[in-house]
């Protein structure tokens, strides 16, 4: 199994006729993912890469009732209405790529998802990929080898670099989740940790965090609460970030002494997590664990050149 998506997950793209929607439609199809439909008001009846476009999510699900997941890639001012429409029409996993979604809009989306029993990834996310099975996101799939390491990250770029480093060394990935860099997001590190804990294809976990918020501290608490036995290593970006200055992501800001690297590292180490000072040390951590387990983490695919 894998978490959140697998080879049987049927999906649609909201905003499929836009420039980015078209680009990522093709990339998702290239992975063999079950992308069945697109949604774009005023563009119903068109096709993108052979994928039929509908006016609304309701129309798309009427034609393809098996659709359960959606990727939303529209301008931020349209995110709230599009997301609420998708959730109310039965979408159970919503990936919001768009960044800088207004805080009140994001809060309403997250609240609606919880009320309806759905999951939201993002806003400001690269999405989710289960290599060799399915992708609902915008990551370059060729650097994500198939294997047994799960990645949770607030940063898309750091996810790509970590996935590439591990894949190049021959260590594959079960599922990689970009939880998003905005200040208000759906699933956090703790939520994904809980999913990985139950996944029999995930043997080790990488947690990538950054300054701001308390997602990493919540993950540490979750690890202790469930008594997680799987090895976890972490990297926290922003060691030298000045206070009260946003560093790239809307949620990456230290304010009032809260959300510091120090507080996150302390919480994670207290939960038994190995915190790596550099991304390169993540590979070393996995190499050591792989040696102790007689090659358990080796990739299920040839490594990249």
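Residue numbers (the numbering used here): 149 to 453.
Beta carbons: idealized from backbone N, C-alpha and C, even for Gly.
It should be emphasised that the depicted structure is a prediction, and the values quoted were computed from it without experimental measurement.
With 16 other Cβ atoms within 10 Å as the buried cut-off, status of residue i
i: residue 401; result: Caution is warranted here: a pLDDT of 49 is assigned to residue 401, below 50, making its placement in the model unreliable, and the coordinate value is therefore given only provisionally. Result: buried.
i: residue 223; result: exposed
i: residue 259; result: exposed
i: residue 156; result: exposed
i: residue 383; result: buried
i: residue 364; result: buried
i: residue 273; result: buried
i: residue 252; result: exposed
i: residue 445; result: buried
i: residue 287; result: buried
i: residue 379; result: buried
i: residue 235; result: buried
i: residue 377; result: exposed
i: residue 370; result: buried
i: residue 193; result: exposed
i: residue 295; result: buried
i: residue 257; result: buried
Best match in the options for proximity to residue i [C-alpha to C-alpha]
i: residue 250; options: 273, 239 and 226; result: 226
i: residue 310; options: 171, 151, 424 and 437; result: 424
i: residue 113; options: 317, 262 and 329; result: As displayed, the chain neither begins before 149 nor continues past 453, which places residue 113 out of reach and without an answer.
i: residue 217; options: 230, 242, 205 and 229; result: 242
i: residue 411; options: 430, 386 and 434; result: 386
i: residue 152; options: 339, 199, 195 and 189; result: 339
i: residue 289; options: 422, 179 and 263; result: 179
Cutoff 7 Å; reference residue i; Cβ partners in own chain excluding five residues on either side
i: residue 215; result: 158, 159, 160, 184, 185, 208 and 209
i: residue 150; result: 278, 281, 322, 323, 347 and 349
i: residue 197; result: 173, 174 and 177
i: residue 191; result: 165 and 201
Alpha-carbon to alpha-carbon, residue j and residue i
i: residue 165; j: residue 219; result: 13 Å
i: residue 397; j: residue 167; result: Any answer about residue 397 is weak, because its pLDDT of 47 lies below 50 and its placement is not dependable; what the coordinates show is given next. If you take the alpha carbons of residue 397 and residue 167, they lie about 23 Å apart.
i: residue 453; j: residue 315; result: The pLDDT assigned to residue 453 is 48, lower than 50, so where the model puts this residue is not dependable; a value taken from the coordinates is nonetheless given after this. One C-alpha to the other measures close to 10 Å.
i: residue 325; j: residue 345; result: 14 Å
i: residue 276; j: residue 172; result: 13 Å
i: residue 372; j: residue 301; result: 19 Å
i: residue 417; j: residue 360; result: 18 Å
i: residue 342; j: residue 333; result: 17 Å
i: residue 413; j: residue 237; result: 41 Å
i: residue 358; j: residue 408; result: 8 Å
i: residue 381; j: residue 181; result: 29 Å
i: residue 267; j: residue 354; result: 21 Å
i: residue 304; j: residue 415; result: 23 Å
i: residue 351; j: residue 291; result: 20 Å
i: residue 212; j: residue 261; result: 21 Å
i: residue 203; j: residue 229; result: 14 Å
i: residue 299; j: residue 189; result: 35 Å
i: residue 231; j: residue 240; result: 11 Å
i: residue 199; j: residue 430; result: 39 Å
i: residue 264; j: residue 420; result: 34 Å
CB contact below 9 Å: residue i versus chain B
i: residue 201; result: In summary, chain B is missing from the structure at hand, where a single protein chain is found.
Close-in-space but distant-in-sequence residues of the same chain around residue i (CB under 6 Å, 5 per side omitted)
i: residue 221; result: 163, 168, 169 and 245
i: residue 306; result: 356
i: residue 233; result: 205
i: residue 443; result: none
Presumed contact (8 Å Cβ cut-off) between residue i and residue j, rounded CB distance
i: residue 322; j: residue 297; result: 6 Å
i: residue 320; j: residue 285; result: In fact, because the Cβ distance is near 18 Å, the residues do not count as touching under 8 Å.
i: residue 195; j: residue 187; result: 13 Å between Cβ atoms; not a contact.
i: residue 433; j: residue 441; result: Actually they are not in contact, since the Cβ atoms of residue 433 and residue 441 sit about 13 Å apart, beyond 8 Å.
Other residues of its chain near residue i: CB distance less than 8 Å, five sequence neighbours each side excluded
i: residue 336; result: 327, 363, 366 and 367
i: residue 427; result: 306, 309, 310, 313 and 383
i: residue 154; result: 278, 281 and 282
The ligand COA heavy atom lying under 8 Å from the CB of residue i
i: residue 311; result: In terms of ligand content, the structure shown is empty, and the ligand COA therefore cannot be addressed.
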